[in-house]
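Engineer:
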Amino acid sequence: MIHTLSVARRVLTQLAHDRRLLALSVAAPLAIIYLLKLFLDTMPPGFDVARYAVPVAAFLVHFLAFLLCAIVLVQERTEGTLARMLINGYRRPEILGGYLLGYLGLATLQAVAALIEVLILFKLSYPAETLIALFIVVWLLAIASVMLGIFISTFARNAAQVFPFIPLVILPSVFLSGLLVDVTRLPQLLPLFYANQVIQILIGPNGSLGPGAAMSRYWSLTAWRCSWWRRGPWPRRSNRRPFVPLPPVQGTRSNCHLRCTHVRSCYPGYSTPRQQLIWWERCEPNLKTPKGGATHGKLGGSDCGRAGVR
Amino acid sequence: MDAIVVEGLSKQYGKIAALRDLNLTVAEGAVFGLLGPNGAGKSTLIKALVGALTPSSGKVRVLGLDPLGDRRDLRRRIGYMPQEPALYSDLSARENITFFARARDLPDLKARVDDVLKLSDLGSRADDPVRTFSGGMQRRVSLACALVHRPRVLFLDEPTAAVDPILRDRFWRTFREMAATGVTLFISTHLMDEALLCDQVAVIRAGETIITDTPHAILARGKARLTLHRGSAIERQTIGGYPEDLAAALHARGLAADITAVDVDRDRLEAVIFGLIAPKEQEARA
């Protein structure tokens, strides 16, 4: 643990010495959020600005934390300091832990600055509980981003080789986050998907989960499920049957909440047949999956399509 | 006791053999010079010795420990100065040395850092960022990082490359002083004249050992060209490289009083080593 803190301290000292990097890392998301404000100002009245502005703040922290961590780690490798650290006695988990802690410091600064700017610029107001939960979600997303940066850095042998990974990670993150399209039709693949999902709940009507719940739900969603590895992130084509829409189910958040554990089951804003099915499944404990198990709290997006044909 | 033992060490990078069946032993407290041209496998060998890479085959022991299996124990006892400075340019010399020293869990960290800073003679610049340092100063900081925990075996990968003669001389004096205290130094270099400062030298080429001997024994393998000025006549003779060969040649001539000057042009160590490498190069080309 002492070695982990030593690496984190070194990373933070480097950041403190490089004031230009520190200033740019905080100023860049702020500038982008301001430009987003100029764009969203052109939208017609009644447009849900918060739906985009808050996730964009999270996305910027995600992007910068990922990029900075990946490039700095590749530099460590090319300049020989990584090998030197290992030969001097720092172990791999200590180095990774130190990087995580160090860059989380910067990500925290970015998250606070970006969220405050979003709240001020877009004149959004949430209860303190929601704000804390939002911050925690962005902060947890930053952990995933730093880890993603560390992961990507293993494929690059020099800083230039990181650049192809930027669009490879960032563009799918945006496409698949649910920021642009309906979240339920997307594969649950990248961290931003989960962060956006929780953010939408938090900023939605009656949307406060509370910091503890946000944290646990985020992790339950972000921990890419073991089944992901078994069957891949997408539904198996061979098992898919035509989808039969079910009639809309009327329900309220309060009467469902006690019986459901899946985050989407308690969200009353579903309108598509698939969303209604998910809603219905979550509120109907006797429904059986094709495998014969109870669906309650266990179905993922890929299971719902199969369950719907019965 | 041998500080370093290498037996049948090979390292393969795809189709390229970086090291081929290498055998070495280095006595404790010796200054061992590893000589060879660029790409001979010097850095690969040092990395295998410090446990930074896994050999394809063979056995390596440093202070009786396996660099990979006994990594934790060994890393407390060895120091490594890589070929490149390998420092954090945003941090000061003191911060760099302190960071690398923290991995060793030293009890008197601050005192040790002050000691090596004094040794590296950075003066008032110890707290300046390393990026503002000259190449030589960066090498000194890099050496200080390798020395701070007082290792028993020190691996130096081309420590004097691109270093001015004054600093090189200071480095070598430091190395000799350390060897006098029982520290084993394993130094790679492609500067042949530095080999004369070592206790033992191994010459490698294309991952193979060509010769392992003391520098003077290697030097003696060369020839000396003897020129005798007798009146207006000049006599030239090629003799062996040992001092005894010169004495024998002069005694054969009775060292007459009319011999006014004797010039001996002995092969430099560089020429001897090139002479050893050249046949291998020709074989490789053939």
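The listed protein sequences correspond, in order, to chains E and G.
Yeah, the first sequence ends on 1576 if you go by the numbering used here, and it's all consecutive.
Yeah, the second sequence ends on 361 if you go by the numbering used here, and it's all consecutive.
The beta-carbon is built from N, C-alpha and C at its ideal position, and this holds for glycine as well.
This one's a predicted model, so the numbers in the text were calculated from it and none came from an experiment.
1) Which residues in the same chain as G297/G place their Cβ atom closer than 7 Å to its Cβ, once the five residues preceding and following it in sequence are excluded?
2) In whole angstroms, give me the CA-to-CA distance for E1383/E and F1421/E.
3) Here's a check: name, in chain order, each residue in its chain whose Cβ is nearer than 7 Å to the Cβ of T129/G, leaving out the five neighbours to either side.
4) Using CA atoms only, rank isn't needed, just tell me which of I1418/E, S1411/E, N1424/E and I1469/E is closest to L1325/E.
5) Please list the partners that R1276/E has in chain G, where partner means a Cβ-to-Cβ separation under 8 Å.
6) Please name the residues in the region 125-152 of chain G whose beta-carbon is closer than 9 Å to at least one beta-carbon of chain E, in chain order.
7) Please name the residue or residues paired with E283/G in a DSSP beta bridge.
8) When the Cα atoms are used, what is the spatial distance from L39/G to A1294/E?
9) Excluding sequence positions up to five away, which residues of its chain have a Cβ less than 6 Å from the Cβ of R206/G?
10) Measure the beta-carbon distance from H304/G to T256/G and round it to whole angstroms, keeping in mind my assumption that it falls under 8 Å.
11) Which partner residues does K134/G have in the DSSP bridge list?
12) Is the Cβ-Cβ distance between I153/G and V216/G less than 7 Å?
13) Measure the alpha-carbon distance for L124/G versus I1465/E and round it to whole angstroms.
14) Is the beta carbon of F362/G sitting closer than 7 Å to the one on T264/G?
15) Hey, out of L1281/E, V1320/E, R1275/E and P1310/E, whose CA is closest to L1387/E's CA?
16) May I ask you to report which of helix, strand or coil DSSP gives Y155/G?
17) Which residue from R146/G, R147/G, D274/G and R169/G puts its Cα closest to that of E103/G?
18) Could you spell out where the alpha helix (DSSP H) holding H363/G opens and where it closes?
19) Going by C-alpha distance, which of V101/G, K117/G, A93/G and A127/G is nearest V278/G?
20) Mind listing the chain E neighbours of E159/G? Cutoff is C-beta to C-beta under 8 Å, in chain order.
21) F261/G lies in the beta strand (DSSP E); which residues open and close that run?
22) Our contact map puts A78/G next to L120/G with C-beta atoms below 8 Å; I'd like the distance itself, whole angstroms only.
23) Within the region 1403-1457 of chain E, note down every full beta strand (DSSP E) run reaching 3 residues or more, in order along the chain.
24) On a CA-only basis, which of V258/G, I352/G and D320/G is nearest V101/G? Give me that one, please.
25) What do you get for H1528/E, buried or exposed, if any count of 16 or more other CB atoms within 10 angstroms of its CB means buried?
26) With distances taken Cα to Cα, identify the nearest neighbour of A1408/E among V1378/E, S1419/E, T1396/E and P1393/E.
Structural biologist: Let me lay it out:
1) G316, R341, D342, A346 and V347
2) 35 Å
3) L143
4) Here the sequence assigns Phe to residue 1325/E, which means Leu is not the residue at that position. Nearest of I1418/E, S1411/E, N1424/E and I1469/E to F1325/E, Cα basis: S1411/E.
5) Y163, L166, E170 and F174
6) V125, G126, A127, R146, R147, R150 and R151
7) R280/G
8) Because residue 39/G is not part of the residues shown, which for chain G are 76 to 361, the question remains open.
9) S164
10) That pair is no contact at about 48 Å.
11) E82/G
12) no
13) 52 Å
14) This structure cannot speak to residue 362/G, because chain G is shown only from 76 to 361.
15) V1320/E
16) strand
17) D274/G
18) The structure shown has nothing for residue 363/G, since chain G only spans 76 to 361.
19) K117/G
20) E1345 and G1346
21) T259 to T264
22) Rounded, the Cβ-Cβ distance is 15 Å, inconsistent with contact.
23) none
24) V258/G
25) For H1528/E, the pLDDT reaches just 38, beneath the cut-off of 50, and the residue's location in the model is therefore unreliable, although a value from the coordinates is still provided. Per the 10 Å Cβ criterion, buried.
26) V1378/E
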